[in-house]
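Engineer:
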Amino acid sequence: MAARNLRTAERFLVSPPLAAKYGGAPVAVCDLSEKGARFRHEQPLETGAKALLQLEVEGRAQPLTIEGVVVWTQPEGTRFVSGVRMYGSQELMTALLAQLQTSRRAKRVEELRSTDRFAVAPPLIGMWGEQAVLIEDLSARGARIEVANEPLRGDSGELRFRVPESSLKLEVAGQVAWTAVKAVGAATSFRAGLFINEKPEQLRLAIGRLCDTGRAALDTQSLRLKLKIIRARARNLAAAQPHAESFGIPAEQYLLIQGVREELRLNAEEAMYWYRRARMIINDPATRAAAPPIASHPDALAVWEYLDRSVDPSIVGRAFELP
Numbered sequence: 002m003a004a005r006n007l008r009t010a011e012r013f014l015v016s017p018p019l020a021a022k023y024g025g026a027p028v029a030v031c032d033l034s035e036k037g038a039r040f041r042h043e044q045p046l047e048t049g050a051k052a053l054l055q056l057e058v059e060g061r062a063q064p065l066t067i068e069g070v071v072v073w074t075q076p077e078g079t080r081f082v083s084g085v086r087m088y089g090s091q092e093l094m095t096a097l098l099a100q101l102q103t104s105r106r107a108k109r110v111e112e113l114r115s116t117d118r119f120a121v122a123p124p125l126i127g128m129w130g131e132q133a134v135l136i137e138d139l140s141a142r143g144a145r146i147e148v149a150n151e152p153l154r155g156d157s158g159e160l161r162f163r164v165p166e167s168s169l170k171l172e173v174a175g176q177v178a179w180t181a182v183k184a185v186g187a188a189t190s191f192r193a194g195l196f197i198n199e200k201p202e203q204l205r206l207a208i209g210r211l212c213d214t215g216r217a218a219l220d221t222q223s224l225r226l227k228l229k230i231i232r233a234r235a236r237n238l239a240a241a242q243p244h245a246e247s248f249g250i251p252a253e254q255y256l257l258i259q260g261v262r263e264e265l266r267l268n269a270e271e272a273m274y275w276y277r278r279a280r281m282i283i284n285d286p287a288t289r290a291a292a293p294p295i296a297s298h299p300d301a302l303a304v305w306e307y308l309d310r311s312v313d314p315s316i317v318g319r320a321f322e323l324p
């Protein structure tokens, strides 16, 4: 399964899935990158199975044929989903992905994940189309739901729910981006990820109300991954920023702090969460004792909290050029 995480190229969600064949058997390609693909299929495959992937692409008289090898495979309900490493030329794959983006058949997975997720506990009761669902997490661009009957990837519908302890009611159009089995047995259930491309401000408002009442909190797993990326970027850039040392701040920490500031500037709902945290702790005597240089500055406190207080508050203060 480790190979499943070796993602060194941008991935693109393909919706609706591309019709294709792998080794002559029909498959539906769900996402693509320059180096691999993920597809659904009816019959099981073995890890290591080599075959030709034949993609039916609009505007081409013949299928696009690329050699591949299965690097992981697993059951998904009554079907299977597998990942293949592909050996097509970079020029060929770049042209294919560009064509799919132009025709709006493909979208970068990173773009679908560009807003932070908030875990909802206990889950909210809602409706997806005519089916009752439990909403497990929300972002300004999507939701994860639990549902009794598995929806199809690419299906469109309307997600409806009310925010407890408020008059706020949301109805947003969405599309199924992925599905997975949550539980099997007498009460089989499924999870589905929804991509929502409308009313982000209303969703942010709903998330804010849920946070205020303790029903939602920032998804810490998502945050840890993002912070790892910011830290790695700061390390890589540190050698090119020697001037930061002149402020008495190690270059890597200076860039880390600036990276978090930029992250909060670009992500409104994430900033909302951390500024709420800052406002809560700003009057706490323990905060003033632990971080006197920044105790009166909510912006600096928000960054300090985001970094899990791992950076000395005096360094955060100097990076903000506080007196």
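Numbering (the numbering used here), first residue to last: 2 to 324. Beta carbons are placed, not taken as given, at the ideal position from N, Cα and C, and that holds for glycine.
1. May I ask which residues mark the beginning and end of the alpha helix (DSSP H) holding Ala287?
2. For the alpha helix (DSSP H) containing Tyr23, name the first residue and the last one.
3. Rounded to the nearest angstrom, what separates Glu57 and Thr79 at their Cα positions?
4. Leu306 lies in the alpha helix (DSSP H); which residues open and close that run?
5. Over what stretch of residues does the beta strand (DSSP E) that includes Val261 continue unbroken?
6. Assuming Val82 is part of the beta strand (DSSP E), what are its boundary residues?
7. DSSP three-state label for Arg368, please.
8. Tell me Ile146's beta-bridge partners as DSSP assigns them.
9. Gln91: buried (16+ other C-beta within 10 angstroms of its C-beta) or exposed?
10. With DSSP as the reference, please indicate the residues paired to Asp32 in a beta bridge.
11. Suppose the cutoff is 8 Å on Cβ atoms and the five residues either side in sequence are ignored; what does the same chain contact list for Glu166 look like?
12. Among Ser190, Val15, Asp313, which has the Cα closest to the Cα of Ala290?
13. Quick one, are the C-beta atoms of Glu147 and Arg161 less than 8 Å apart?
14. In terms of residue numbering, what span does the beta strand (DSSP E) encompassing Pro124 cover?
15. Whole angstroms is fine: what's the gap from Tyr307's alpha carbon to Leu169's?
16. Output the distance between the C-alpha atoms of Gly249 and Ala320, rounded to the nearest integer angstrom.
17. Excluding sequence positions up to five away, which residues of its chain have a Cβ less than 6 Å from the Cβ of Pro45?
18. Can you tell me where the beta strand (DSSP E) holding Gly158 begins and where it ends?
19. Straight-line CA distance for Thr95 to Glu35?
20. Can you round the beta-carbon distance between Phe13 and Ala107 to whole angstroms, since I take them to be within the 8 Å contact cut?
21. Alpha carbons only, please: which of Val317, Gly127, Ser16, Ile316 is nearest the one belonging to Ser157?
22. Does the beta carbon of Arg154 come closer than 8 Å to any beta carbon on chain B?
23. Gln55 lies in the beta strand (DSSP E); which residues open and close that run?
24. Indicate the three-state DSSP secondary structure (helix, strand or coil) for Lys183 in the structure shown.
25. I'd like to confirm the pairing. Which residues does DSSP put opposite Gln176 in its beta bridges?
Structural biologist: Judging by the given coordinates:
1. Residues 286-291.
2. Here Tyr23 belongs to no alpha helix (DSSP H); instead the beta strand (DSSP E) covers 13-23.
3. Each residue's alpha carbon lies about 24 Å from the other.
4. Just to set this straight, residue 306 is Glu in the shown sequence, not Leu. Here the alpha helix (DSSP H) through Glu306 covers 299-307.
5. That residue, Val261, is in no beta strand (DSSP E); its alpha helix (DSSP H) goes 252-267.
6. 80-87
7. Nothing about residue 368 can be reported from this structure: the residues present for the chain run from 2 to 324 only.
8. Paired residue(s): Ile136, Ala193.
9. Exposed, because fewer than 16 other Cβ atoms sit within 10 Å of the Cβ of Gln91.
10. Leu14, Arg39
11. Arg210, Thr214
12. Asp313
13. Their beta carbons are not under 8 Å apart, which means Glu147 does not touch Arg161 by this criterion.
14. For Pro124, the enclosing beta strand (DSSP E) starts and ends at 119-129.
15. 29 Å
16. The alpha-carbon separation between Gly249 and Ala320 amounts to approximately 9 Å.
17. Phe81
18. 157-163
19. 7 Å
20. 4 Å
21. Ser16
22. Of the protein chains in the structure, only one exists, and it is not chain B.
23. 51-56
24. Correct three-state label for Lys183: strand.
25. Ser157, Phe196
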